[in-house]
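Enquirer: Convert by adding 276 to the 1-based position in the sequence shown; the result is the number in the numbering used here.
All C-beta atoms, glycine included, are put in the ideal place defined by N, C-alpha and C.
Sharing a structure, written as C-alpha cells. Questions coming.
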Amino acid sequence: MEWRDRITVEPDVCHGKACIRGTRIPASVLLDNLAEGVSVAEILEEYPSVSEADVLAAIAYGAELSRERVIDFDARPR
277 MEWRDRITVE
287 PDVCHGKACI
297 RGTRIPASVL
307 LDNLAEGVSV
317 AEILEEYPSV
327 SEADVLAAIA
337 YGAELSRERV
347 IDFDARPR
C-alpha cells in the first residue's frame with residue numbers, strides 16, 4: 277500500500293495539514309488516537325468515513341515522517 281494514495285495535503289483543507297483523502301480528518305488525529313490506545317475498530321466506529329486502509333496509511337505516513345525528522349530528546353519538557 278502506498279500511503280500517498282490515501283493521505284493528501286491541500287492548502288485549503290485543514291490549513292494544509294495531511295488529511296485522509298476526501299475528508300477533513302487529519303492523519304495526526306488517527307495517530308494520536310492510536311497512541312492513546314484507541315483500537316482501530318473504535319476509530320472506524322468514531323470516524324465512519326475512514327477505512328482500515330486509511331488508518332494503515334496514517335501509520336505509514338507517520339513512519340515516513342519519523343525517518344525524516346530527528347527529535348532532540350534532551351529538549352523535551354520534564
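How is Ile335 classed by DSSP in three states: helix, strand or coil?
Expert: Sequence index remark: in the sequence shown, residue 335 carries index 59 (1-based). Reduced to three states, the DSSP call for Ile335 is helix.
Enquirer: To the nearest angstrom, report how far apart Pro287 and Gly313 are at their CA atoms.
Expert: Taking the first residue of the sequence shown as position 1, residue 287 is located at position 11. Taking the first residue of the sequence shown as position 1, residue 313 is located at position 37. C-alpha separation (whole angstroms): 30 Å.
Enquirer: Rounding to the nearest angstrom, what Cα-Cα distance links Asp281 and Glu322 in this structure?
Expert: For the purposes of this step, residue 281 is identified with residue 5 of the sequence shown, where counting begins at 1. For the purposes of this step, residue 322 is identified with residue 46 of the sequence shown, where counting begins at 1. Going from the Cα of Asp281 to the Cα of Glu322 covers about 22 Å.
Enquirer: Distance, Cα to Cα, Lys293 vs Val331?
Expert: Mapped onto the sequence shown, residue 293 falls at position 17. Mapped onto the sequence shown, residue 331 falls at position 55. Going by the C-alpha atoms only, they are around 16 Å apart.
Enquirer: What residue range is occupied by the uninterrupted alpha helix (DSSP H) comprising Ser325?
Expert: Translated into positions along the sequence shown, residue 325 becomes position 49. No alpha helix (DSSP H) holds Ser325; DSSP gives it neither H nor E.
Enquirer: If we ignore side chains and look at the alpha-carbon of each, how far apart do Tyr337 and Ala329 end up?
Expert: The residue given as residue 337 occupies position 61 in the sequence shown. The residue given as residue 329 occupies position 53 in the sequence shown. The alpha-carbon atoms of Tyr337 and Ala329 are separated by roughly 12 Å.
Enquirer: For Ser315, report the span of its alpha helix (DSSP H) as first-last.
Expert: Taking the sequence shown and counting its residues from 1, one reaches residue 315 at position 39. From DSSP, Ser315 is part of no alpha helix (DSSP H); its letter is neither H nor E.
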